[in-house]
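Peer 1: Dropping the structure in here first, questions after.
2 protein chains.
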Amino acid sequence: MQFQPENFRFEESLGYLVGKLRGLMQLALEEEVADLGISAAQAIVLMRIQLYPGLPAAKLCRFSGYDTGAMTRMLDKLEDKGLVARQRSAADRRVVELELTVAGSELCARLPERFCRIGNVLMEDMDPEEVATLKGLLRRTLDKAEQAFARQVAQSEGETE
Amino acid sequence: MQFQPENFRFEESLGYLVGKLRGLMQLALEEEVADLGISAAQAIVLMRIQLYPGLPAAKLCRFSGYDTGAMTRMLDKLEDKGLVARQRSAADRRVVELELTVAGSELCARLPERFCRIGNVLMEDMDPEEVATLKGLLRRTLDKAEQAFARQVAQSEGETE
DNA sequence: TAACAATTACTGCCTTGACAGCTAATTTCC
DNA sequence: GGAAATTAGCTGTCAAGGCAGTAATTGTTA
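Protein chains in written order, with full-length UniProt numbering: chain U, 1 to 161; chain Z, 1 to 161.
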């Protein structure tokens, strides 16, 4: 019992800090990748496909906490832009396997720099140990949140392919 | 320079951790307040109005990182529900000042418990010092983000009213 | 004082993502 | 082997939020 309702101050709460920080980081990422002609959400999806070639769309949804309907439409756009290729799986014809096109790979190669730039600005005046501490505590909190709140979100369990 | 593009791993990055954590916390809050007939976003707005009675809508937008159009419509709903009262400022007739109604105050009194419940689940197996460390590092990161990324976001400068 | 700029709240329009319902394909169970 | 349940992806619909444009009010400057 770390927090008690009587002493609760919203603007010092964990939720406030995390929520506002994520909003600003999202905004920054949006600007970082705008010149590449994609949105922040699309950039993240592309990174995932690059990481797991042949990834089924359904797994991508579970990883990203995305709705399958929303994902279908996002993939439509990425396909229209010539960045992603869909292919029906031969083994299971319900499944659509995802690959980056050549253009998609080239674009993805430019993304880590953009991501890092944001992180480096934020961590500019922190010691490496502090950064490690922050990430460690966030990771623990996230693990707890996944275990406590996520329902049909697929955790590890070999899902990492 | 904490992070370098060559070593970048999205799923270990600060953005990933913060983004996913905020998504799960938002989901949890949505459930926590569902029985009160409001959304998570509405709960946060109500808490702010409670904190700053007479708050002009424009300042509320800047605090919340919300669009003025979206805020207008959210306030419409909160007014329809009888939780918030709008009143034109006598000093500056462009301004709409916001107050909680009695029903709004009563509802707000029940919110801290809901917020705390989520935090307490997440921090369940952390020492108080670890919690303080996490919040401190998040606060520093957020301050940095506001200074680096926010443009028209009104920082302190007396805006805290 | 009159013209101009800035601010506030509000209104359409559009995009994004969630939810529900659907079809096709696969797996399970009898 | 065949019916039922499950899974994958797609489509329609809806709500939330961002952006641009507008009217009203205030502040500023010529």
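Cβ atoms here follow ideal geometry from the backbone N, Cα and C, with glycine treated the same way.
1) Check each residue of the stretch 40 to 73 of chain U: if its Cβ is closer than 8 Å to any Cβ of chain Z, include it; give the result in chain order.
2) With 16 other CB atoms within 10 Å as the buried threshold, where does U:M1 fall?
3) Identify the contact partners of U:A34 in chain Z, using a Cβ-Cβ distance below 9 Å as the criterion.
4) Against chain U, does Z:G104 count as a neighbour if the rule is that its beta carbon must be under 8 Å from one of theirs?
5) For the alpha helix (DSSP H) that Z:V131 lies in, which residues bound it at each end?
6) For Z:Y9, tell me which candidate among U:A40, U:F115, U:A103 has the shortest Cα-Cα distance.
7) Can you confirm whether Z:I38, when its beta carbon is compared against all beta carbons of chain U, has any partner nearer than 8 Å?
8) Exposed or buried, which one is U:A43 when buried takes at least 16 other CB atoms within 10 Å?
9) Mind checking if Z:G82 is an interface residue toward chain U, Cβ cutoff 8 Å exclusive?
10) Given 8 Å as the limit, is there contact between the stretch 132 to 152 of chain Z and the stretch 16 to 24 of chain U, that is, 3 or more CB pairs closer than that?
11) In the DSSP output, what is U:A85 paired with across the bridge?
12) Going by other Cβ atoms of all chains shown within 10 Å of its Cβ, with 16 needed for buried, is U:S13 buried or exposed?
13) Got a sec: is the Cβ-Cβ distance from U:E146 to anything in chain Z below 8 Å?
14) Would DSSP call U:L36 helix, strand or coil?
15) Does the beta carbon of U:C116 sit closer than 8 Å to a beta carbon anywhere in chain Z?
16) If we call anything under 8 Å between Cβ atoms a contact, is Z:L138 one with Z:G104?
17) Out of curiosity, what's the CA-to-CA distance linking U:P5 and Z:E113?
18) Below 8 Å on the Cβ atoms is my contact criterion, and I expect U:L98 with U:A57 to pass it. Report the Cβ-Cβ distance as a whole number of Å.
19) For Z:Y66 and U:L75, what's the separation of their Cα atoms in angstroms?
20) Could you say which of Z:G15, Z:P128, Z:D80 lies nearest to Z:I38 if we only look at CA atoms?
21) Can you list the residues of chain U that Z:L107 reaches, using a CB-CB cut of under 8 Å?
22) U:P53 lies in the alpha helix (DSSP H); which residues open and close that run?
23) Could you run through the stretch 7 to 27 of chain Z and flag, in chain order, every residue whose CB is less than 9 Å away from some CB of chain U?
24) Using a Cβ-Cβ cut-off of 8 Å, state whether Z:E129 counts as contacting chain U.
25) If we count the other Cβ atoms within 10 Å of its Cβ and call it buried at 16 or more, is Z:V45 buried or exposed?
26) Quick check on Z:F115: does DSSP put it in helix, strand or coil?
27) Within 8 Å (strictly less), CB to CB, does Z:E113 reach chain U?
28) Between U:E30 and chain Z, is any beta-carbon pair separated by less than 8 Å?
29) For Z:D127, which residues in the same chain have their Cβ closer than 7 Å to its Cβ, ignoring the five residues on either side in sequence?
30) Can you tell me where the alpha helix (DSSP H) with Z:G69 in it begins and where it stops?
31) Classify Z:S156 as helix, strand or coil using the three-state DSSP reduction.
32) Hey, Z:R110 and Z:V96: beta-carbon distance below 8 Å or not?
33) Measure the beta-carbon distance from Z:L100 to Z:L36 and round it to whole angstroms, keeping in mind my assumption that it falls under 8 Å.
Peer 2: If we stick to the structure as given:
1) Hits within the stretch, in order: I44, M47, R48, L51, G65.
2) With fewer than 16 Cβ atoms within 10 Å of its Cβ, U:M1 is classed as exposed.
3) The premise fails here: U:A34 is roughly 14 Å from chain Z at the closest Cβ pair, so nothing lies under 9 Å.
4) With 8 Å as the cut-off, Z:G104 does not count as an interface residue toward chain U.
5) Its alpha helix (DSSP H) spans residues 128 to 149.
6) The residue you asked about is not Tyr; residue 9 of chain Z is Arg in the sequence shown. Per the Cα distances, U:F115.
7) By this cut-off, Z:I38 is not an interface position.
8) With 16 or more Cβ atoms within 10 Å of its Cβ, U:A43 is classed as buried.
9) Chain U contact via Cβ: absent.
10) As far as the Cβ criterion goes, the stretch 132 to 152 of chain Z touches the stretch 16 to 24 of chain U, which means the pair count is three or higher.
11) U:A85 is bridged to U:E99.
12) Burial call: buried.
13) With 8 Å as the cut-off, U:E146 counts as an interface residue toward chain Z.
14) In the displayed model, U:L36 falls within coil according to three-state DSSP, outside both helix and strand.
15) Closer than 8 Å to some Cβ of chain Z, the Cβ of U:C116 qualifies, so yes.
16) No; because the gap between Cβ atoms is not below 8 Å, this pair is not in contact.
17) As the crow flies, the alpha-carbon of U:P5 is around 5 Å from that of Z:E113.
18) With a Cβ gap of about 6 Å, U:L98 and U:A57 count as contacting.
19) Rounded to whole angstroms, Z:Y66 to U:L75 spans 28 Å at the Cα level.
20) The residue with the shortest Cα to Cα distance from Z:I38 is Z:D80.
21) Here the premise fails: no neighbours, minimum Cβ distance about 14 Å.
22) Looking at the DSSP string, U:P53 is not in any alpha helix (DSSP H), and its letter there is neither H nor E.
23) For the stretch 7 to 27 of chain Z, the beta-carbon criterion of a distance under 9 Å to any beta-carbon of chain U is satisfied by N7, F8, R9, F10, E11, E12, S13, L14, G15, Y16, L17, V18, G19, K20, L21, R22, G23, L24, M25, Q26, L27.
24) Judged by the 8 Å Cβ criterion, Z:E129 is not in contact with chain U.
25) Buried: at least 16 other Cβ atoms inside 10 Å.
26) The three-state reading of DSSP puts Z:F115 in helix, counting H, G and I together.
27) By this cut-off, Z:E113 is an interface position.
28) For U:E30, the closest Cβ of chain Z is not nearer than 8 Å.
29) Once the five neighbours on either side are set aside, Z:D127 has no close Cβ partner at all.
30) Residues 68 to 80.
31) Because Z:S156 carries a pLDDT of 35, less than 50, the predicted location of this residue cannot be relied on, and the following value inherits that uncertainty. Secondary structure of Z:S156 (DSSP, three-state): coil.
32) Going by C-beta atoms, Z:R110 is not nearer than 8 Å to Z:V96.
33) Contact between Z:L100 and Z:L36 fails: their C-beta atoms lie close to 14 Å from each other, not under 8 Å.
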